[in-house]
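A short write-up of the structure that comes next.
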Amino acid sequence: MAAQIITIAIEKGGAGKTVTASNLAYLMGDEGKKVLCIDTDPQGNLTSALSGGNGITSGVYNGRALFDMFDGFRYTKTKDYITETEYENVDMIPCSAQTPRINKRIELLIGDAERLKDGDPRKVSGMGDFLYYFLNQVRDEYDYILIDTQPTRDSLLLSNAIYAADYILIPAGCEDNSEESAFRLYYECNKMKQSSTSHLMGAGVLLVNVDRSAATDKKIQEHFKEELGTSLFSVAIPASKTVKTSISRFLPVCYMAKTQPVAKAYVKAYEELKKRLEVK
Numbered sequence: 001m002a003a004q005i006i007t008i009a010i011e012k013g014g015a016g017k018t019v020t021a022s023n024l025a026y027l028m029g030d031e032g033k034k035v036l037c038i039d040t041d042p043q044g045n046l047t048s049a050l051s052g053g054n055g056i057t058s059g060v061y062n063g064r065a066l067f068d069m070f071d072g073f074r075y076t077k078t079k080d081y082i083t084e085t086e087y088e089n090v091d092m093i094p095c096s097a098q099t100p101r102i103n104k105r106i107e108l109l110i111g112d113a114e115r116l117k118d119g120d121p122r123k124v125s126g127m128g129d130f131l132y133y134f135l136n137q138v139r140d141e142y143d144y145i146l147i148d149t150q151p152t153r154d155s156l157l158l159s160n161a162i163y164a165a166d167y168i169l170i171p172a173g174c175e176d177n178s179e180e181s182a183f184r185l186y187y188e189c190n191k192m193k194q195s196s197t198s199h200l201m202g203a204g205v206l207l208v209n210v211d212r213s214a215a216t217d218k219k220i221q222e223h224f225k226e227e228l229g230t231s232l233f234s235v236a237i238p239a240s241k242t243v244k245t246s247i248s249r250f251l252p253v254c255y256m257a258k259t260q261p262v263a264k265a266y267v268k269a270y271e272e273l274k275k276r277l278e279v280k
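Using my numbering, you'd call the opening residue of the sequence shown number 1 and step up by one each time.
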């Protein structure tokens with residue numbers, strides 16, 4: 001069965017995209033599922049989190065990262081840019097210092113892609129199709145493909161990550177800017193689902209870094225529930241200093257501190273995600 005592609009996105013920075021991606025990847029792999037993670041954020045935080053700290057400045061992935069895969073387009077094969085992570089069953093296509101150049105590279109590649117003959121598997125119909133083209137090469141080898149994204153609204157690479165998705169997971173904090181960003185993306189996803197060219201099947205919002213004792217957080221949670229209904233995950237990820245520690249140690253919190261409430265919440269979020277994917 002082909003992998004389900006899950007893109008984790010919200011334009012708001014610091015909303016927990018990478019923490020959510022790394023913990024879901026770890027939980028999936030720990031369950032025995034084959035997982036491929038794609039780091040499309042130029043900051044490279046997911047790459048660091050899954051490699052024990054090999055960030056974009058380390059140069060470890062120079063020449064064999066996401067940009068290099070895009071750069072060759074007609075001649076490169078996805079499997080040549082997949083590397084193992086620190087965690088069993090979890091692979092990734094890493095970020096490098098060249099990742100920001102992908103947006104410009106896509107603009108140049110589209111001419112080559114459109115000139116290919118109909119029926120050629122390398123032919124793509126638009127600038128949002130490139131990542132989907134690459135993921136389809138290895139989709140049958142994985143159970144899940146997770147795509148971490150950058151905090152922006154205007155990026156061809158982000159458009160590629162959203163277009164490739166079967167499901168969009170939107171992590172959002174309990175504050176006004178995050179709420180606005182989450183609603184905007186959620187409604188955009190609903191519009192995409194109506195398009196005949198989209199294969200997006202669903203979108204959901206996961207509240208993160210929630211202070212259960214704060215009146216403001218409770219009020220915003222209630223607003224999310226009123227606005228989104230069942231599209232809001234029933235579990236919320238609590239605020240925890242353990243998350244900051246896990247980030248500094250380049251470890252998923254579910255690996256580092258399995259008994260902590262935040263780790264248990266991510267376990268519940270994963271269980272809920274699986275149910276959502278079953279009925280999408």
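Ideal Cβ placement from N, Cα and C applies to all residues, glycine included.
- A residue is called buried once 16 or more other Cβ atoms fall within 10 Å of its Cβ, and Met69 is buried on that count.
- Residue pairing by DSSP puts Asp39 in a beta bridge opposite Asp148.
- If the five residues before and after Met256 are omitted, its C-beta is found closer than 7 Å to the C-beta atoms of Ser246, Arg249, all from its own chain and listed in chain order.
- From the listed residues Asp176, Cys174, Tyr167, Thr197, the smallest Cα separation to Tyr186 is found for Tyr167.
- For Ala113, the enclosing alpha helix (DSSP H) has its first and last residue at 102 to 115.
- In the DSSP assignment, Thr216 falls within the alpha helix (DSSP H) that extends over 215 to 228.
- Counting every other CB atom within 10 Å of its CB across the protein chains shown gives Ala215 a total below 16, marking it as exposed.
- Per DSSP, reduced to three states, the secondary structure at Leu157 is helical.
- Restricting attention to alpha helix (DSSP H) runs no shorter than 4 residues, the segment 172 to 213 encloses them at 176 to 193, ordered along the chain.
- Counting the other Cβ atoms within 10 Å of the Cβ of Gln137 gives fewer than 16, which makes it exposed.
- Counting the other CB atoms within 10 Å of its CB gives Pro252 a total of 16 or more, which places it among the buried residues.
- Excluding residues up to 5 positions away in sequence, Phe134, Gln137, Val138 lie with their Cβ nearer than 6 Å to the Cβ of Thr78 in the same chain.
- Going by C-alpha positions, Met201 is about 30 Å away from Leu108.
- Spanning the alpha carbons of Phe130 and His199 requires a straight line of approximately 15 Å.
- Between the segment 53 to 63 and the segment 25 to 32 there are fewer than three inter-stretch CB-CB distances shorter than 8 Å, so the stretches are not counted as touching.
- Setting aside the 5 residues that flank it on each side, Met127 is surrounded in the same chain by Ile106, Ile110, Leu156, each with a C-beta closer than 6 Å to its C-beta; the list follows chain order.
- Ile5 sits close to Ile145, with the two beta carbons spaced by under 7 Å.
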